[in-house]
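Per full-length UniProt numbering, the very first residue in the sequence shown carries number 1; after that it's consecutive.
Glycine residues also receive a C-beta, built at the ideal position from the N, C-alpha and C atoms.
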Amino acid sequence: MTNILQLKKQLRKTIASKLTSKEIREAIRDHHARRKPRPCGMTIHTGIGCSLRCTYCYIEDMGFNWIAKPYPLTGLQLVYALLYNPYFVPGEYGTLIAMGSVTEPFLGVTREKTFEYIEAIATYLKNPIQFSTKMYLTRRDAYRLKQLDPGISPLITIVTIRYKDKLEPLAPPPEKRFETIKNLRSKGLKPILFLRPIIPGIIEEEYVEILEKARDSGAVGVVVGSLRVTNRILDRLRKAGLDIGEIIRRLPRKPRGNEQVPINTRDLKEEIIRYARKIGLVAFPEACMANIYTHGRICWKMIHHKIVVPGVEPPQISIDELKKIAEENNVVLKKATRKKYFIKMLLEGDRISKALFSEYVKCRFGYCVKILRSK
1 MTNILQLKKQ LRKTIASKLT SKEIREAIRD HHARRKPRPC GMTIHTGIGC SLRCTYCYIE
61 DMGFNWIAKP YPLTGLQLVY ALLYNPYFVP GEYGTLIAMG SVTEPFLGVT REKTFEYIEA
121 IATYLKNPIQ FSTKMYLTRR DAYRLKQLDP GISPLITIVT IRYKDKLEPL APPPEKRFET
181 IKNLRSKGLK PILFLRPIIP GIIEEEYVEI LEKARDSGAV GVVVGSLRVT NRILDRLRKA
241 GLDIGEIIRR LPRKPRGNEQ VPINTRDLKE EIIRYARKIG LVAFPEACMA NIYTHGRICW
301 KMIHHKIVVP GVEPPQISID ELKKIAEENN VVLKKATRKK YFIKMLLEGD RISKALFSEY
361 VKCRFGYCVK ILRSK
């Protein structure tokens, strides 16, 4: 079925039959029912706040605090909220799911909520799920995850070994996280090292050791990502006794207020990716690629970057076929051009219908999508 609105309506009806009127109202009012997906997918909050207080963390600048509490929605309510969200595409080839942006999903107070959300999404929606964590996961945890979603994409965050006490004083030690990788791999999952953020002035002397230990522990790949800083983060790094000279040198401009400014780390990222590939790890420049990979697929950007992995290549589709799908979803496709891993489309229709159709094209056909503006 390519009528996305009709599919969502049918699924909502199924979930609504399992909820009370009050639970439905709570789901509709929730932010998950309104937010647009990010490039990595739809970020799912299994909790609010985080007690790990990592020095480089940005959540305080987003208005969250260091006290973690589980998210108030039930798993079924979360599913209903997503189906109500006008920008969300359900299904195996739908919007990617990413857990771990504003909390640690496997803290003591959030872990069961995380399992509940994974189970609900896997059961009723089938969307590809990814999580990032610093916590220790046992073999039993790994088995539970495997049973819920055999293709789940586990990202295990390890950005330092030597400076752990200054950067991640309350998180489990890196040794326990390497053990988490072993446990996940032992149950048939594909754990991936999450080397984000890469911190200039620190990562240069550590990335070889981190990559090799991750590989030896059973990691199949690595996601490499840049550091974003705010004024508050820079102050915390200084107070922790870290030399931030290299960070400042790479900072394109001083942050304003609570603004997050990405550090220029392109050269470091490329250096790390080269070494990762040299030692046999699959290197992903973006987290969404890892989610696609563990669920047995490949996107056009992965092909462009010569990321050679087993998986189903994105389907070929003609412009005429795209036009038919657009019409089924209340959109007129006036023009479409494909170049490398991008598809650029000129669309007519209301704003939400165009956004939903674009999300569908991105997820189903593996393109990065750009909407052209009418002249």
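| Item | Value |
| --- | --- |
| Segment contact, 8 Å Cβ cut-off, at least three pairs: the segment 252-265 with the segment 173-182 | no |
| Per-residue burial, F88 [other beta carbons within 10 Å of its own, 16 or more giving buried] | buried |
| Rounded straight-line distance, which links the Cα of K335 to that of G296 | 31 Å |
| Outcome for P39 when other beta-carbon atoms lying within 10 angstroms are tallied against a minimum of 16 | exposed |
| Proximity of Y275 and L211 at Cβ, strictly below 8 Å | yes |
| Residue from P315, L96, I203, F284 with nearest C-alpha to V308 | F284 |
| Cross-strand partners of C368 (DSSP beta bridge) | F342 |
| Residue range of the alpha helix (DSSP H) that includes I97 | Note, I97: premise wrong, no alpha helix (DSSP H); beta strand (DSSP E) at 97-99. |
| Simplified DSSP state of P72, which is helix, strand or coil | coil |
| A336 in three-state terms, based on DSSP | strand |
| Span of the alpha helix (DSSP H), counted from its first residue to its last, around L268 | 266-278 |
| Between the CA atoms of R236 and I244 - distance to the nearest angstrom | 10 Å |
| Outcome for T95 when other beta-carbon atoms lying within 10 angstroms are tallied against a minimum of 16 | buried |
| Where M1 falls: helix, strand or coil (DSSP) | Its pLDDT being 49, under 50, M1 is placed unreliably in this model, and the coordinates cannot settle the point. |
| G221 (DSSP reduced to helix, strand or coil) | strand |
| Same chain, Cβ closer than 6 Å to T2, neighbours up to 5 away in sequence not counted | I325, E328 |
| Where L347 sits in the DSSP three-state scheme | strand |
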